[in-house]
Structures are given as C-alpha cells and as structure tokens.
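Going by my numbering, the sequence shown opens with residue 1, and the numbers climb by one from there. In what follows, a structure is listed as structure tokens, so that the remarks can point back to it.
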Amino acid sequence: MASVTAMADGLTPMFQQYLELRRQVPDALLFFRLGDFYELFFDDAHVVHKVLGLTLTGRDGGRERVPMCGVPVHAAEGYIRTLLEHGYKVAICEQVEDPKTARGLVRREIVRIITPGTAVEEGLVDDGPGHLAAVYGREGAYGVAFVDATTGDGAVLAERLPTLQAVAEELIAFRTREVLVPAAAPEGMQAFFARLGVPVTPFDPPGAPEAREGSDPAAFCPPEAPPPARTAAEALYAYVRRVYPALVRALRPLQAYRRDRTLVLDPYTRANLELFRRKRSGEAAGSLFQVIDWTETPMGRRRLARRLERPLVDGAAIAERLKAVAFFVREGLLRHRVREALQAMYDLERLTARLALGTPSGGDLARLRETLRAALRLRAVLSSAEGAPMVVRAFLAAEAAPIEAALELLERALPDEPPAAPGEGRFFRPEYDAELDRLRAVLEEGSAWLRRYEAEERERTGIRSLKVGYNKVFGYYIEVTKANLDRVPPEYVRKQTIAGGERYVTEALRAWEEAEREGVERLEARERALYAELIGRLQASGEAFRALADGLAELDVAAALAELAVRRRYVEPVIRDDGRIVLRGSRHPVVEAVLPEGRFVKNDVVLDDRRRILLITGPNMAGKSTLMRQVALAQILFQIGSFVPADAAELTPVDRIFTRIGAADDLVQGESTFLVEMKEVRLAVTEATPRSLILIDELGRGTSTEDGIAIAHAVIEYIHDVVGAKALVSTHFHELAALEGRLSGLVNVHMGVEVEAERIIFTYRLRPGATSRSYGIAVAARAGLPERIIRRAEALVRRYGGRTPEEQPTLFDGGGSTTVETAKRMIPDETTDRTSPAEPVDRTPAAAGAKQEGESPAVAAALRVAEAIRRLPLERMTPLEAFDRLREWQAELGAANKAPVADAAAESDGPKRSTGPEKTPKNARPPAGR
C-alpha cells in the first residue's frame with residue numbers, strides 16, 4: 001500500500017481516514033462501511049472487480065477520482081466467502097458512532113479481520129473440517145500444529161518431521177485452509193506450500209515481542225510436543241489473538257498425536273484414490289467420501305471425514321469401531337430410531353464454539369435447544385439397548401444433569417422463534433423476568449395511551465380524519481388534511497408540510513415520545529443484560545456440550561457405516577496380524593454405486609507371504625486400475641472401522657499405502673508425465689516398509705520400451721528383495737511375466753478377455769497366469785479411431801512383434817510355448833545375483849533382425865501374407881474391406897521384393913511404399929461392379 005499512502009496528501013478527510021485504517025491491515029482487503037454498503041478503494045477495488053466481477057466505479061477523492069467497488073452490507077457474507085476461497089483476507093471496518101449524532105467525520109474502527117483459517121461465521125465456511133496450521137523448523141526437524149477455528153479443537157504433532165514433503169502430507173490430511181510460515185523462512189519453503197494451494201501467512205520468529213504477547217503455550221500446547229512444534233503452536237495462538245481476540249476463548253488445549261498411530265497417505269495417494277474429490281474435475285461427487293457418507297449431522301460428517309483422513313493402524317482400536325458398526329447392523333430398528341433422533345440435531349460443535357465466543361444469535365440458541373431435546377430423546381432410545389458397544393456405553397455414561405439444566409433454561413427463556421439479536425423486547429418469553437415484563441407493560445400501556453389520545457383529539461377538534469403517526473425521521477406527529485387546516489387548534493406546532501396536508505406536534509405528544517424512548521432504552525438494556533446472563537450460564541456447560549457433541553458424532557458415524565453396510569451389502573472383515581490381505585468377491589465401492597445393482601464384476605484378491613506381489617497383465621479397459629484401487633479402498637475402509645465391499649474379507653492393518661495410478665504432469669514445474677510418475681514410484685520404494693501396500697499401474701510406461709522394461713524389472717525386484725511390502729503391479733510389458741518363479745513372492749495374474757471374431761469382450765475377472773496381448777488396437781477401434789487407421793495398425797503390428805486379434809492364442813496355447821516360457825527367453829535370468837548391475841540387453845532392430853539372418857525379406861513377407869490370408873474372415877468382410885486388404889498386401893510384397901537382403905533386418909519403420917503408377921491411392925474405391 002506504499003503507493004496508496006503516498007496519495008494521502010490532497011485527499012478528502014474520509015479518504016485520509018480510510019488510508020490510516022488501511023495501513024493497519026496491509027495484507028487484507030479493507031471493507032470500509034459507508035451507509036448500507038461496504039466500499040473498497042484504490043488497489044482493493046481492482047482486486048474485487050477482478051475476483052468478484054463487480055462493477056468498477058469511482059468516487060471524488062479531492063485531488064483525483066478514486067477507483068471504487070462496493071457490496072451491500074446485508075449480502076456481504078457471500079462475497080467475503082468467495083474472497084476467502086481465493087486466499088484473500090478481509091478486514092471489516094464499521095461505523096462506531098451514530099451518523100446522526102456524529103460531529104464531523106463519523107468515527108470508524110476495524111472490528112474484525114477474517115482470514116481463510118479463522119473464519120467461523122456460518123455463512124463463511126462449509127460444514128466440513130478445515131484447519132489453520134503453523135509450521136516451524138528446518139530440514140530434518142519440522143514441527144506442525146493445527147487448530148479448527150470453527151470448533152476450537154486442535155492438534156500438535158508430538159514428533160519432528162524430516163522433510164517438507166512429510167509436512168505437506170500433514171497439511172493435506174488436516175485439510176488446511178491457511179498455513180503460518182516463519183517470515184524469515186527460505187523463499188522456497190513459502191513457495192512449496194503455495195504450490196499446495198494453501199494461502200501462506202508469515203509469522204514473526206520466536207522471541208519477537210509481537211509473537212509472544214498474550215500467548216500461553218504452557219496451557220495451549222501439551223508438554224510432549226517437541227520444540228519446533230511448540231513454536232508452531234505458539235504462533236497459532238498469537239495469530240488468532242491478533243486477528244480475532246474473542247476466538248481465543250473458544251480454543252481448547254491442543255491434542256498431541258503421532259504419525260505411527262495412523263495410516264499415512266501421501267498427497268499422490270489421496271489424489272489417485274479420490275478419497276474426497278475427483279482427480280480430474282475436483283468435484284466431491286464420485287469420491288469415496290461422497291459414497292460412504294450416510295451421516296445425519298454435521299459433526300458426524302466431520303468425524304467421518306477425520307477418520308478417512310487418518311485411518312487407524314492399531315488392530316484393537318479398529319476392532320472396537322467394527323463392534324459398534326456390527327451392533328447397529330444387527331439392531332436394525334434401533335439404528336433407524338437413532339438416525340431419526342440424529343436428524344433433528346444441529347451442529348452442536350460449532351454452536352458450542354459460537355457460545356464460547358459470546359456471539360450466538362437467537363437462531364443459534366433455538367438450534368441448541370432443539371439439539372439438546374433430541375439428545376435426551378436419544379438417551380432414552382439407547383438406554384434399553386442390550387449388548388451395546390463402547391460407543392453407546394460411553395454416551396450413556398456421560399452426565400446428563402448439565403444438559404437437562406441447560407435445556408430447562410432455554411425452554412423457559414426463549415420463545416419458539418426468537419429474533420436474531422436482543423434489544424427489541426421480544427427475545428425472551430413472558431414471565432422469564434419480572435422487570436422485563438414490567439417494562440413491556442409500560443410500553444404496552446403507552447401504546448394504549450396513544451390510541452386514546454388520537455380518539456380524544458378527533459373528538460376535541462372535530463377533525464374526523466385526524467391521525468397520529470410515526471416515522472424514523474420526525475418521530476410522532478398529528479396529521480391533518482388540507483380540508484381541515486382551518487380547524488387546527490393554536491397549541492398545535494407545525495412540524496412538516498406534506499402533499500395532502502400538514503403534520504403537527506403537541507407538548508403532550510412530545511412528553512409521551514420522550515417517556516417511550518426512555519422506556520425502550522430501559523427495555524433494550526434489560527434484554528441485553530439478560531442475554532449476557534443467559535450466555536454466561538450456558539457457557540458454564542460448555543464442556544458438557546463438547547462431550548455431548550463428541551458422543552453424538554461417534555454414534556452418528558457408527559450408525560451411518562452400519563446403514564452403508566446394510567444398503568451396499570458390505571461385510572465385516574476379519575482382523576489379522578500376519579500380513580494377509582484376502583478379499584473374496586471384492587468390489588469397488590464408488591464404481592459399484594453408480595452401476596445398476598448386480599452389474600459390478602466381483603474378484604478375489606489374495607496377498608500373503610507367498611503372494612507378496614501380484615503382477616497384473618491385460619488390455620486397457622479390462623479393469624486393472626479399478627481392481628488395484630478397490631483393494632486399496634477396501635483396506636482404507638477397514639482401517640477407519642467400516643465394513644468393506646466384499647463377500648468375505650481377512651485384512652491386516654498396513655502402515656502406509658502408496659499408489660502410482662493414472663497419468664499426470666506438472667507443466668508449471670517443468671515436470672513431464674514420466675518424471676511425475678517416477679517421483680511417485682521413488683516415494684513408494686524409499687518410504688515403504690514390509691507393512692505397507694504399494695499399487696503401481698502400468699509401471700515403466702512413458703519412455704522407450706527398453707527403458708520401461710528395465711525400470712519395471714528393477715523396481716519389482718527392489719520391492720520384492722529390499723522393501724518386502726505387499727504390492728499390486730500392472731504392466732503391458734508381458735516379458736516381465738518371466739519373473740514368476742525367479743521371485744519367490746511374485747505371482748502372475750491377468751484380467752480376462754474373450755475374443756469373438758474380431759471383437760474383444762472384457763470379462764473384468766482376475767485370472768491366474770499371464771497374458772501376452774494388450775489389445776491396444778481393439779481399444780483404439782472402440783474409441784472410434786477411423787477405420788483406415790485401425791486397418792493400417794493391424795497390418796503394421798506384426799512387424800513390431802505384435803499379433804492381430806485373429807492370431808491371438810489362448811493363455812497356454814497347446815500348439816506352442818506358454819506366454820511365461822516365451823517371456824523367460826526375453827528376460828535374462830539374474831536370480832543368482834540381483835544386487836549388481838545386469839548386463840545390458842541389446843534390443844535394437846538390427847539385433848532383432850539378426851535372429852532371422854539368412855531369410856530374405858521377400859520370403860518373410862510372403863509367409864506373413866499367406867498366413868494372414870489363411871486367417872482372413874471372408875464371410876464377415878465387405879468388398880471394400882477385402883480390396884483394402886489386397887492393396888496393403890500388394891504394397892507389402894512389392895516393397896519386400898525391392899529391399900536388399902542385407903538391409904532387411906534394419907527396416908524398423910515398415911516397408912517402403914511403391915511410387916510407381918501401379919500404386920492405388922489408399923482411399924480409392926474399386927470400379928463399379930468389382
């Protein structure tokens with residue numbers, strides 16, 4: 001704002017006031033109150049014009065015309081929310097004195113600074129979790145802390161993080177809305193977090209007076225947090241105190257946590273598995289969370305999201321959660337009644353936080369009352385449950401007296417629909433307070449006096465149309481029409497001339513108006529005092545409300561997962577500790593949900609010590625990626641305490657899941673698709689443990705065939721020999737099938753395909769053994785590539801070592817060697833020493849051609865054409881298709897006859913096309929009658 005500050009000279013007093021306030025919030029957009037609008041000036045006006053699409057206007061600033069944009073006060077929340085979503089901060093500047101009574105310029109103050117991580121108002125945030133985070137430290141020793149401003153809950157990591165990548169994993173897991181980073185941190189550190197799409201705010205280093213003023217880390221941060229994390233927690237506290245001091249009252253002590261107690265999911269894995277949003281569209285619809293979210297309350301929804309963000313790894317804790325789900329699966333009627341009671345509840349966690357802030361509206365208090373009523377009904381519903389799990393027993397064991405007392409207070413105090421704020425005399429029920437009732441009676445009697453006075457004046461003056469009225473500008477008045485002005489008594493004092501007559505005031509009317517004003521002021525003051533007293537009494541029950549909200553959230557999640565299990569036919573998994581992962585009749589939870597019932601093809605997957613790596617081959621679109629994802633999603637669902645989509649399941653908790661699925665690049669960072677994929681693979685092979693699960697789809701693609709096979713071969717060996725993790729690896733390099741037998745823990749499987757004529761039919765079934773085809777041309781045809789391209793590809797594929805659909809053998813063709821046997825001849829056997837670099841394999845076209853030395857190109861071409869003719873499906877071909885085939889064979893044979901024998905092996909780009917007059921254009925049609 002240096003340029004704006006320099007403009008202060010010569011500007012009007014209002015703009016000088018604006019600039020003085022603007023200097024207080026240099027990193028925020030200033031919403032400057034002018035009447036019924038918030039106005040933004042100078043650079044701020046250009047920002048909101050661009051982001052919000054508002055009309056850019058101007059206002060006379062004295063020396064020049066100042067750019068201006070504005071939003072109505074009553075609609076400001078929607079605009080502010082959009083700005084927060086774009087990472088901006090907003091400072092609210094209000095008029096703090098009545099413009100009617102102000103002398104000169106109206107006094108204004110900044111009353112609230114709203115940032116993406118400290119927004120708590122209902123219209124500014126969704127009902128999902130979101131945190132303000134702070135990071136402090138250096139490479140090898142980072143500390144992180146989090147707080148959810150909407151609930152007051154927070155967490156601090158009780159260990160040091162080694163890398164910024166590990167920090168990013170925590171920020172994403174906590175759905176960070178804003179991150180505080182040391183102002184003196186390297187520029188690359190701030191840029192790293194900015195690339196995550198999280199707004200970055202610098203904070204002062206520890207020891208600076210502003211950072212430590214008013215902070216209380218001893219009470220806010222648990223002692224087990226390491227020094228970097230304690231500094232981060234202190235930064236959180238100081239920042240909240242600076243931008244929203246009242247929010248400090250709502251903050252609860254941070255809870256320490258450790259990464260080794262939860263399933264760690266890196267950002268790639270979260271994105272690839274689409275836990276919360278679709279990877280391409282960014283939409284929540286079609287994500288795992290959207291499918292499994294059957295919760296009835298906002299706090300239950302956040303609790304389920306928290307589980308999905310940080311699944312458990314402890315088998316006993318998982319078992320306890322599964323018991324709760326199993327209980328509600330068995331008790332169908334009880335589950336229905338519990339969910340019915342939950343439907344009547346509101347967001348108790350956030351209502352309690354607003355109560356702690358001292359700012360609940362009348363609607364908030366009414367919602368709190370309804371929630372407490374429903375909670376007591378729920379206690380009655382559950383009180384007779386037999387064989388209840390821990391979550392039910394804990395809910396019933398919580399003390400009910402504070403809840404009952406708070407409910408009794410709210411029912412006695414509030415009308416059915418209280419106004420938004422106190423001050424109008426209607427916030428409390430009659431008989432709640434005797435003094436309030438007396439003041440109401442006085443005002444009601446005054447209203448009756450006003451009606452009597454009007455009747456008396458009509459009678460006294462003889463003016464039948466005389467009426468007593470009121471407006472905010474002139475107060476009370478007596479209105480007389482023009483036809484009766486000659487009857488106006490002399491004691492009437494003229495106040496206002498109107499089109500149809502005159503308005504007057506009398507001493508009696510002035511005296512009554514003054515008495516009424518004093519009565520209203522006393523009534524409003526009494527109501528505000530009662531409101532403050534009510535809030536104070538309810539705040540005393542804040543811990544009971546939080547405990548109730550926690551219990552309700554757990555019940556909601558357990559009942560919701562049971563509803564999911566019943567409706568989707570999920571099964572309770574058997575918990576194992578021997579590393580086995582067994583899924584019988586496994587299904588993908590999201591894909592199954594969008595298909596007609598019963599259409600999804602189930603598959604069995606078994607991983608154990610003898611089958612640690614499944615090498616999956618098969619064509620595109622056959623379901624390899626879907627299969628891999630459904631295994632990972634079943635594992636995650638199990639570890640959040642849910643039943644899983646399968647007919648039967650035996651699962652061992654894993655400590656990490658890594659995925660390399662789908663294609664993506666990062667052009668901004670100059671990273672190609674292959675580089676991004678190799679980074680994902682690097683993360684998996686360097687950080688996985690024997691207790692991890694690794695999923696790699698199409699390993700080695702994106703580079704040359706030779707490099708791809710070599711990388712895939714080496715990675716698979718490394719996972720098998722060094723890492724020891726369970727893994728599903730899919731590939732189109734069928735040569736890798738030879739690793740079965742050489743690697744004791746690797747097993748070949750493939751996605752089944754059936755060939756009928758020239759059509760391929762995907763069975764989507766996982767079958768034992770390997771396959772030798774990827775059916776890429778058939779998939780290309782299904783995608784709608786022109787017929788000319790497809791036919792040409794079928795003719796060319798043989799020259800690159802492929803086969804056409806009609807040449808496709810069965811998996812173990814009785815007339816020849818098996819796929820695995822063929823692959824073993826292509827993959828060198830280095831089983832005896834995989835720790836040293838292997839000798840390079842020569843896969844050049846010249847080397848490939850050397851294997852057929854002595855066979856002329858013409859003979860080879862003739863044999864290929866003869867075999868193709870033998871397999872030609874004449875009964876299914878049109879005359880035009882037959883002509884195209886003949887022309888291609890003619891060109892192939894002509895080129896082979898012209899090629900020298902010595903050079904035939906070196907031709908890797910297909911035969912040379914004839915340029916003579918006999919060549920028929922590729923798109924030529926045969927003469928009529930042919």
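Glycine included, every Cβ here is placed at the ideal spot set by N, Cα and C.
For residue i: DSSP bridge partner residues
{"i": "M68", "result": "F41, T57"}
{"i": "H131", "result": "T176"}
{"i": "R791", "result": "None, per the DSSP bridge assignment."}
{"i": "L30", "result": "A91"}
{"i": "K467", "result": "E479"}
{"i": "P415", "result": "BP columns for P415 are empty, so no partner."}
{"i": "V144", "result": "V135"}
{"i": "Q165", "result": "Paired residues: none, contrary to the question."}
{"i": "G154", "result": "V147"}
{"i": "G501", "result": "T481, I498"}
{"i": "V729", "result": "L615, I696"}
{"i": "Y257", "result": "L157"}
{"i": "S586", "result": "N603"}
{"i": "I777", "result": "For I777, which the question treats as bridged, DSSP gives no partner whatsoever."}
{"i": "T262", "result": "L312"}
Delimiting residues of the alpha helix (DSSP H) encompassing residue i
{"i": "F15", "result": "13 to 22"}
{"i": "H86", "result": "No alpha helix (DSSP H) holds H86; DSSP gives it neither H nor E."}
{"i": "F658", "result": "Here F658 belongs to no alpha helix (DSSP H); instead the beta strand (DSSP E) covers 656 to 660."}
{"i": "A285", "result": "Looking at the DSSP string, A285 is not in any alpha helix (DSSP H), and its letter there is neither H nor E."}
Closest by C-alpha distance to residue i, when choosing among the options
{"i": "D404", "options": "G152, R373, V135, V96", "result": "The displayed chain sequence assigns Glu, not Asp, to residue 404. For the residues G152, R373, V135, V96, the minimum Cα distance to E404 belongs to R373."}
{"i": "V135", "options": "E122, G104, D153, V198", "result": "V198"}
{"i": "V493", "options": "G154, V480, A532", "result": "V480"}
{"i": "L409", "options": "E445, E370, V566, E435", "result": "E370"}
{"i": "P490", "options": "Y504, A483, P645, Q496", "result": "Y504"}
{"i": "R412", "options": "E399, E431, V156", "result": "E431"}
{"i": "G741", "options": "Y718, S447, G769", "result": "G769"}
{"i": "K323", "options": "G387, L308, S672", "result": "G387"}
{"i": "A91", "options": "R23, T150, G53, G128", "result": "R23"}
{"i": "V243", "options": "V73, R792, G117, R270", "result": "G117"}
{"i": "R887", "options": "G154, R791, I292", "result": "R791"}
{"i": "M14", "options": "T55, Y38, G62", "result": "G62"}
{"i": "R303", "options": "A316, L348, G286", "result": "L348"}
{"i": "V66", "options": "P72, Y88, L54, E39", "result": "E39"}
{"i": "A353", "options": "G363, M345, R249", "result": "R249"}
{"i": "G641", "options": "E454, T262, L19", "result": "T262"}
{"i": "N603", "options": "E867, Y79, M751", "result": "M751"}
Short CB-CB distance (under 7 Å) between residue i and chain B
{"i": "E234", "result": "In the structure shown, chain B does not exist; there is a single protein chain."}
Short Cβ contact (7 Å threshold) for residue i with residue j
{"i": "R310", "j": "A173", "result": "yes"}
{"i": "T163", "j": "D556", "result": "no"}
{"i": "G152", "j": "L251", "result": "yes"}
{"i": "L34", "j": "C93", "result": "no"}
{"i": "I113", "j": "A28", "result": "yes"}
{"i": "L378", "j": "V392", "result": "no"}
{"i": "T689", "j": "R576", "result": "no"}
{"i": "V167", "j": "Y142", "result": "yes"}
{"i": "T617", "j": "H713", "result": "no"}
{"i": "L683", "j": "D266", "result": "yes"}
The beta strand (DSSP E) enclosing residue i, as first and last residue numbers
{"i": "D604", "result": "603 to 607"}
{"i": "P202", "result": "200 to 203"}
{"i": "L766", "result": "759 to 768"}
{"i": "M751", "result": "746 to 756"}
If you pair each beta-carbon of the region 131 to 145 with each one of the region 219 to 235, do three or more pairs fall below 8 Å? Taking 8 Å as the limit for Cβ pairs, the verdict is that the region 219 to 235 does touch the region 131 to 145.
If we count Cβ pairs, one from each stretch, closer than 8 Å, do we get three or more for the region 607 to 621 versus the region 717 to 736? Taking 8 Å as the limit for Cβ pairs, the verdict is that the region 717 to 736 does touch the region 607 to 621.
Taking three-plus beta-carbon pairs below 8 Å as touching, is the region 586 to 594 in contact with the region 734 to 746? Taking 8 Å as the limit for Cβ pairs, the verdict is that the region 734 to 746 does not touch the region 586 to 594.
Answer yes if the region 699 to 708 comes into contact with the region 672 to 690, meaning at least three C-beta pairs across the two stretches below 8 Å, and no otherwise. They touch, by the three-pair rule.
Tell me, please, whether the region 560 to 575 touches the region 620 to 631 by the rule of three or more beta-carbon pairs shorter than 8 Å. Contact between the region 560 to 575 and the region 620 to 631 is absent: fewer than 3 CB-CB pairs across the two stretches fall below 8 Å.
When the Cβ atoms of the region 570 to 584 are set against those of the region 638 to 648, are three or more pairs found closer than 8 Å? Touching, yes.
May I ask you to verify whether the region 453 to 473 touches the region 521 to 533, counting CB pairs closer than 8 Å and requiring at least 3? Short answer: they don't touch.
Take every Cβ of the region 420 to 436, pair it with every Cβ of the region 530 to 540, and state whether three or more of those distances are shorter than 8 Å. Taking 8 Å as the limit for Cβ pairs, the verdict is that the region 530 to 540 does touch the region 420 to 436.
Would you check if the region 121 to 131 and the region 74 to 89 touch, i.e. whether three or more CB-CB distances between them fall below 8 Å? Touching, yes, given that three or more Cβ pairs across the two stretches are closer than 8 Å.
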